[in-house]
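J.: Those protein sequences? They're chains L and A, same order as listed. Count the first sequence with the working numbering and you get residues -3 to 116, in order. Count the second sequence with the working numbering and you get residues 50 to 162, in order. Note that beta-carbon positions come from the ideal geometry of N, C-alpha and C, so glycine has one too. Please read these numbers as outputs of a predicted model, since none were measured by experiment.
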Amino acid sequence: EVQLLESGGGLVEPGGSLRLSCAASGLTFSNHVLSWVRQAPGTGQQWVSSITGSGGSTYYADSVKGRFTISRDNSRNTLYLQMNSLRAEDTAIYYCAKRRTAGQSAFDYWGQGTLVTVSS
Amino acid sequence: DIVMTQSPESLAVSLGERATINCKSSQSVLYSSNNKNNLAWYQQKPGQPPKLLIYWASTRESGVPDRFSGSGSGTDFTLTISSLQAEDVAVYYCHQYYNSPNTFGQGTRLEIK
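So, in C-alpha cells, the structure goes:
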C-alpha cells in the first residue's frame, strides 16, 4: 500500500526557513508526479507545488513562487519542499499528495501532514 | 483561478436520511476532448488528511461505500449520501483539476441532527 510520511514542520519566525520532507513507500516513486498541498487552520486546501517524476519540471502557486522550492531524490524515494522567507500566512498543515494518474487528476493518496507555524 | 463555491457551509441530517452537498465552479471544468468533468470530492475527519471519495465528478474511488454518489456537469456538481451513517460526520470538499492552479471549495461540515 502507498504510504507518504511528512516531516520537518515546526515553529519558525517570519523571514525564516524550513525544509519539509516526504518519504514514500509502496509505489514506483519515479513514475509519479508528487505535490504539496496545504491547509491553513479552519480553511480548505490550497495546492502549493508539484514536481514531475523525473524532477525535470516544477510548478508553483503564485503565493509561494520565488520563495519555495520543490525537489525530489528518486534514489531515496523522498520529496522535499524548501521554504524560505516564510510569512505568517504560510502557517498551515502541509500535506504530500500523489495524483491518481499522470497529468491533472484527483489526489488519491495523502500523507498525515506536518504543521508549519510562522510566528514571532 | 477557478473559484469553487460550496453550499451549504454546514448541514445537519438525521441518521438514515439523505445528505446533499453542492459545489459550483466559476467556469466549466468539463474537458471537451474526453467529455469528462475534472472534479473530485473528498471527506476529511478531524486530525486526518482528506480521503478521495469521487473523481471525474461521478466515479467512486475503490472501497468507497455506494451510499456516496456524485453528479453534475460543467459548473454545477452535487455529492449525495443516500443514507447517512454516524461515521459520515466530516467536512467535505470539492476540488477542480481542470487547470492550474488546482483549487478547492471551502468545505461543508456535515453533522448528525
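Could you tell me which residues DSSP puts in a beta bridge with L:Y90?
T.: For the purposes of this step, residue 90 of chain L is taken as residue 94 along the first sequence, with counting starting at 1. Answer is L:R34, L:T110, bridged to L:Y90.
J.: What do you reckon, are the CB atoms on L:G22 and L:Q(-1) nearer than 8 Å?
T.: Position 26 of the first sequence holds residue 22 of chain L. Position 3 of the first sequence holds residue -1 of chain L. Yes, they are a contact pair.
J.: If you check the beta carbons only, do L:G51 and L:R34 fall under 8 Å apart?
T.: Here residue 51 of chain L corresponds to residue number 55 of the first sequence, with the count starting at 1. Here residue 34 of chain L corresponds to residue number 38 of the first sequence, with the count starting at 1. Cβ atoms of L:G51 and L:R34: not closer than 8 Å.
J.: In chain order, what residues of the same chain have a beta carbon less than 6 Å from the beta carbon of L:T54, not counting five sequence neighbours either side?
T.: Here the question's residue 54 of chain L lines up with position 58 in the first sequence. So the qualifying residues of the chain are I47, I66.
J.: Per the contact definition of three or more C-beta pairs closer than 8 Å, is the segment 106 to 125 of chain A in contact with the segment 149 to 159 of chain A?
T.: With the cut-off at 8 Å, the segment 149 to 159 of chain A and the segment 106 to 125 of chain A do not touch.
J.: State the start and end residues of the unbroken beta strand (DSSP E) segment that holds L:L23.
T.: Here residue 23 of chain L refers to the residue found at position 27 of the first sequence. From DSSP, L:L23 is part of no beta strand (DSSP E); its letter is neither H nor E.
J.: Rounded to whole angstroms, what's the CA-CA distance from A:T108 to L:G12? Just pull it up for me.
T.: The residue you call residue 108 of chain A lines up with position 59 of the second sequence. The residue you call residue 12 of chain L lines up with position 16 of the first sequence. C-alpha separation (whole angstroms): 43 Å.
J.: Please list, in chain order, the chain L residues whose beta carbon lies closer than 9 Å to that of A:E110.
T.: One-based indexing of the second sequence puts residue 110 of chain A at position 61. Those within 9 Å of A:E110 in chain L are R96, A102, D104.
J.: Taking the alpha-carbon positions, what's the A:Q55 to A:N71 distance?
T.: Here residue 55 of chain A corresponds to residue number 6 of the second sequence, with the count starting at 1. Here residue 71 of chain A corresponds to residue number 22 of the second sequence, with the count starting at 1. Whole-angstrom Cα-Cα distance: 5 Å.
J.: For A:D137, does the three-state DSSP call read helix, strand or coil?
T.: Taking the first residue of the second sequence as position 1, residue 137 of chain A is located at position 88. The answer is helix: DSSP assigns A:D137 an H, G or I state.
J.: Give me, in chain order, the residues of the same chain whose beta-carbon lies closer than 7 Å to that of A:Y146; leave out the 5 immediate sequence neighbours on both sides.
T.: As a position in the second sequence, residue 146 of chain A is number 97, starting the count at 1. Taken in chain order, the residues that qualify are N87, A89.
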